[in-house]
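According to this note's numbering, the sequence shown is numbered sequentially starting from 8. For every residue, glycine included, the Cβ atom is placed at its ideal position computed from N, Cα and C. Note that this is a predicted model, so its numbers are computed, not measured.
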Amino acid sequence: SRPRRLPRPGKKVWIAAGIVVLAAGVVLGAGAGLRRLATLPALAVQSVEVEGVTRARGDDLLERAGIVIGDPWIGLPIDEIEFRVEGHPWVRQVRVRRPWPGVVKLRVTERVPLARYRVKGVDFGVSDDLRMLPQLAAADSLLPELSGDLDDVVLARGLKYAEALRQAGLAGTEPLELRLSAGSPDRIVLPRRGFSARIEEAVPPADAVRNVAAFLETLDEEGEVRGTLRLISVETAVWEAAA
């Protein structure tokens, strides 16, 4: 039998093969090129800025970030930097941005204290995600003060009170205390007015605050407030005026 000659590849086949080889070369070359670019002095980190900070100290966050002037701007370990900065108690979230060569910006979203607790005369904050916060500023002195057996369950309930009191307009205008315990009724206390609300366990915090706010609106003068409002259920309350 006579040997058969295979057909020669058409022009389109050679073009396709050339494109594949060229693409592979570009990818490999790009990788090497990026590595070379990352080491260029002109593309080193020249400045690092912290944005969105009102409570945390920018210097502390920069130290946590660990970015050094002169580090490769292209090769920054973004995920690692964000993880380190989010370890700060005031930082809820941080995003590392590189808006233009040499510049790095840390965009911070801070936690907000909903309540405070006192240790040896010093006020510390509690955020809505149950994070214990550092020492508060004097401007936070009208946040609801939590006291009692503050385990995680009780603390979560206390923050529900605090948020409901803020929405009702009772928190932030005068001293307010939340006395909480796992084994006895909770209390909302307005010490300046001599008023307290004793809340039985069956009454959810939001309903309790709504009833307290509605009761306070029925009083004509501040002097009438002195006493204790016992909230037995969502529908039932007993007012015990101070003698």
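Report yes if the C-beta distance between A169 and L185 is below 9 Å; otherwise report no.
yes
Taking the beta carbon of I76 as the centre, do at least 16 other beta carbons fall within 10 Å, making it buried, or is it exposed?
exposed
Are the stretch 147-165 and the stretch 83-95 touching by the rule of at least three beta carbon pairs closer than 8 Å?
no
By Cβ distance, which residues of its chain are closer than 7 Å to P212, with the 5 residues on each side in sequence left out?
Excluding positions up to five away in sequence, the list reads R164, K167, Y168, A171.
I'd like to check one pair, L68 with L113: are the Cβ atoms closer than 9 Å?
Yes, the pair counts as a contact, with Cβ atoms nearer than the cut-off.
Name the DSSP bridge partner or partners of K112?
E56, R104
Proximity below 9 Å, CB of R62 to CB of E117
yes
Where do the N-terminal and C-terminal ends of the beta strand (DSSP E) with V216 fall, by residue?
Careful: V216 lies outside any beta strand (DSSP E), inside the alpha helix (DSSP H) at 212-224.
Could you compute how far the alpha carbon of T243 sits from the alpha carbon of V111?
59 Å
Considering only the beta carbon of each residue, do A215 and L187 sit closer than 9 Å?
no
Whole alpha helix (DSSP H) elements within the stretch 62-147, 4-residue minimum
Complete alpha helix (DSSP H) runs here, min 4: 65-72, 85-92.
For the beta strand (DSSP E) that contains A244, what are its first and last residues?
244-248
Between the beta-carbon of A189 and the beta-carbon of I195, is there less than 9 Å?
no
Contact between the stretch 96-111 and the stretch 125-144 (3+ Cβ pairs under 8 Å):
yes
Write down the C-beta distance between I85 and I74 rounded to the nearest angstrom, noting that I regard them as a contact closer than 8 Å.
With 8 Å as the limit, I85 and I74 do not qualify as a contact, their Cβ atoms being about 11 Å apart.
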